[in-house]
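One structure is given below, encoded as structure tokens.
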Amino acid sequence: MPGDPAAAPAPLPPPPPPSAAAGPAWRLLGTSREQLCLEFTLPTGQSFRWRRTGGGEFTGVVGRRVFQLRQDGGGGGDVAWRVIGRARGEDEARDEEALAEYLNLGVDLAALYAEWAAADARFAKVAPLIPGARMMRQDPVECLFQFICSQNNHISRIHGMVERLCSTYGTPLPLIDAGGGDVAEAAARAEQQQQQQQPAWEVGRKRSLSEVEAAACATAGGPGGGGPLAPEPEGDGGSGSGGDEAPGTPRGAAAAPPPSGDAPPPRRGRKGARAGGAAAERDAPSSSSGSSGGAGGETTAPEPFAAGAAAAAAAAAAAAGAAHFAFPTLDQLSAATEEELRALGFGYRSKFITGAAAALRARPGGGDAWLRALRGATAAEAAAALEELPGVGPKVAACVALFSLDKHDAIPVDTHVWQLATKYYARHLAGKSLTKKLHPEVAAAFVARFGERAGWAHSVLFISNLRQSQALMAGAGD
DNA sequence: CGTGGACCTGGTCTC
DNA sequence: AGTCGCAGGTCCACT
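Numbering follows my numbering, with no gaps: position 452 of the first sequence is 794.
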């Protein structure tokens, strides 16, 4: 534990007023921009659970808490945070501890940057443009399934898939100050909104905003003030068409993807699937899967069947940005069927998700514990163990190892990293094609250069490469 | 053992 | 309004 990383000299003024007027008070994390830059940490592909919610603010779920983070644009770049949602049973007093662990705040990132810059001239050149790119420490289960979704896929779509996974199978997280605090109510309200077909949560997604803020983060000079890009004035309230439906009826099945053109249409939505196909065995009420053990304990009944009903409303709520969900547990995930996931748009990854969930649950001691135990294993052992799971190859295994299992020297070798490697750090591999056997070799090259936290260093280079390829670094001098 | 395809889908780049 | 052997891979079938 390298002491307090930040060492911000002056106690910064209270954080700027966030977009949302009301809500819990904001608190400062006590970090500097060099220790933690949200722009280079949250939306760079480590996790797909963070969204921009306007004006430089990020909203995301950590464990069973909904956090909002924002970076002080002017001064030292301290990060303001607050919790706007929390599962019952989670202690408010441990909010900050949970966030600090998730953000790996015990690691002195500025010191590492200095080491890496000394070891590599190329790093020294690009790093100043990308300060505070920090590795997070995610929950292994959450991380694993996110990256199973990531294969051969667009980042934007991965976000949507992860969102649907959570809203369909995960536990809703009640908002604090949500007026009444009843999730069902919020979900119902959201469902009404959802009928207006308005993807409010897309506000601020991608767009050049990221570029603006990236610049702001890198220069620390001009906060730019890209404007709080106000969402469409839909407002929330609106048409109180008083629930025309019983809360229990998952009319939200409409949220399912539209029928594809040619392929054998997988019915639609969870409900359609049941009603359409096996009318005979429909509703054979959870007889088999009902007793999934007392794990859940939530009042929302994580049972498969109930999940369907709750899921629709939940998905609607999520679509309207009105609710947040914990990432589904393995038990909750086990309620998913391949057919259902396909209807939710997971494509051929559906069988990987159900397969991996089943394989994990079959592990002695439970999949969650099995995964966590890999934190004590070597990088090679962890990778080998992860690759036993369906849908997990070397790249996904490395992502999970680096982003959730403390394997700080793991290098996820994708097409971008392969380019970096053959160009700068493992030139002898140039011309070859990336085979499974070459992954360790590429990783070794990065470790040889950057040391035991090569995975962290790789992230900086990766981001730099992305930015460059997107011509976002234009004018940054070259 | 290394290589070539197939694989769901939809955002992005072009007619 | 269409298109892409695409897109931060993996699995499977062959040579």
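The beta carbon of each residue, even a glycine, is placed where N, CA and C say it ideally should be.
Predicted, not measured: the structure shown is a model, and the values here were computed from it.
Candidates the options: which alpha carbon is nearest residue i's?
i	options	result
ALA715	SER746, ALA435 and PHE792	SER746
GLY718	ALA698, LYS749 and ARG691	LYS749
LEU833	ARG436, THR401, ALA456 and LEU486	Past the edges of the chain, shown from 343 to 820, lies residue 833, and the structure says nothing about it.
THR777	LYS737, PHE792 and ALA796	LYS737
ALA440	ARG424, VAL404 and VAL449	VAL404
VAL504	PHE382, ARG406, PHE489 and ILE426	PHE489
GLN388	TYR767, LEU411, GLN480 and ASP673	GLN480
GLN493	SER374, VAL734, GLU376 and ALA367	VAL734
GLU484	GLY708, GLY512 and ASN495	GLY512
ARG424	ARG430, GLU399, ILE500 and GLY431	GLU399
ARG375	ALA435, PHE694 and LEU471	LEU471
GLU730	ILE753, ALA704, PRO754 and VAL755	ALA704
ALA407	GLY397, ALA799, VAL421 and ASP437	A small fix is needed here, since residue 407 is Arg in this sequence, not Ala. Selected option, being the one with the closest Cα: ASP437.
LEU380	GLY431, GLU434, TYR444 and PRO366	TYR444
THR671	VAL449, ALA700, ASN446 and GLY396	ALA700
GLN413	ALA799, PHE382, PRO366 and ILE426	PHE382
ASP450	ASP433, ARG476 and ARG430	ARG476
PRO516	ALA665, ASP433, LYS774 and ALA678	ALA665
ALA685	ARG506, TRP798, GLY396 and GLY773	ARG506
GLU434	ALA367, LEU378 and GLY397	ALA367
GLN377	ARG499, GLY687 and LEU447	LEU447
Which two residues bound the contiguous alpha helix (DSSP H) that contains residue i?
i	result
ILE500	497 to 511
ALA422	No alpha helix (DSSP H) contains ALA422, which is instead part of the beta strand (DSSP E) from 421 to 428.
LEU411	That residue, LEU411, is in no alpha helix (DSSP H); its beta strand (DSSP E) goes 407 to 413.
ARG684	680 to 685
SER825	With the chain running from 343 to 820 in the structure shown, residue 825 is simply not present.
SER492	482 to 492
VAL468	463 to 468
LEU672	672 to 675
What number of angstroms, rounded off, separates the C-alpha of residue i from the C-alpha of residue j?
i	j	result
PRO385	TRP392	7 angstroms
ALA724	ALA364	44 angstroms
ARG428	ARG464	43 angstroms
GLY784	LEU803	The residue asked about is misnamed: residue 784 is Val in this sequence, not Gly. Taking the straight line from one Cα to the other gives about 14 angstroms.
LYS467	GLY474	15 angstroms
ASP751	GLY689	32 angstroms
ALA739	LEU780	14 angstroms
ALA765	THR757	The residue asked about is misnamed: residue 765 is Lys in this sequence, not Ala. Spanning the two alpha carbons is a distance of roughly 12 angstroms.
LEU683	SER676	12 angstroms
ARG691	THR401	27 angstroms
PRO706	TRP712	8 angstroms
LEU702	GLY418	44 angstroms
ALA787	GLU794	12 angstroms
ALA721	ASP519	43 angstroms
PHE409	HIS770	45 angstroms
ARG369	PHE667	23 angstroms
SER806	ALA461	17 angstroms
ALA469	PHE390	24 angstroms
GLY372	GLU680	45 angstroms
ALA790	LEU808	23 angstroms
LEU744	MET478	9 angstroms
ALA649	GLN761	Its pLDDT being 42, under 50, ALA649 is placed unreliably in this model, and the coordinates cannot settle the point.
ASN495	ALA456	34 angstroms
VAL421	SER801	21 angstroms
ALA796	ILE753	7 angstroms
GLY697	GLY708	15 angstroms
ALA772	GLU432	51 angstroms
ALA726	CYS741	13 angstroms
ALA768	TRP798	18 angstroms
GLY397	ILE500	23 angstroms
GLU514	CYS508	Reading off the sequence, residue 514 comes out as Pro, not Glu. If I take the Cα positions, the gap works out to 9 angstroms.
Using DSSP bridges, identify the partner residues of residue i.
i	result
PRO514	PHE667
GLU434	None, per the DSSP bridge assignment.
For the beta strand (DSSP E) containing residue i, list its first residue and its last residue.
i	result
TRP368	Unbroken run through TRP368: none, as it is neither H nor E.
GLY402	399 to 404
ARG394	392 to 394
Is residue i near the ligand GDP, going by C-beta to nearest heavy atom under 6 angstroms?
i	result
LEU683	This structure lacks the ligand GDP; in fact it carries no ligand of any kind.
**Prompt:** What are the uninterrupted segments assigned as alpha helix (DSSP H) that are 4 or more residues long and contained completely in the segment 707 to 756, given in chain order?
**Reply:** DSSP runs (the alpha helix (DSSP H)) wholly in the segment 707 to 756: 709 to 715, 721 to 728 and 736 to 746.
**Request:** Quick one: which unbroken alpha helix (DSSP H) runs of 4-plus residues sit fully inside the segment 768 to 807? Chain order, please.
**Result:** Counting only runs that start and end inside the segment 768 to 807, the alpha helix (DSSP H) elements of at least 4 residues fall at 780 to 792.
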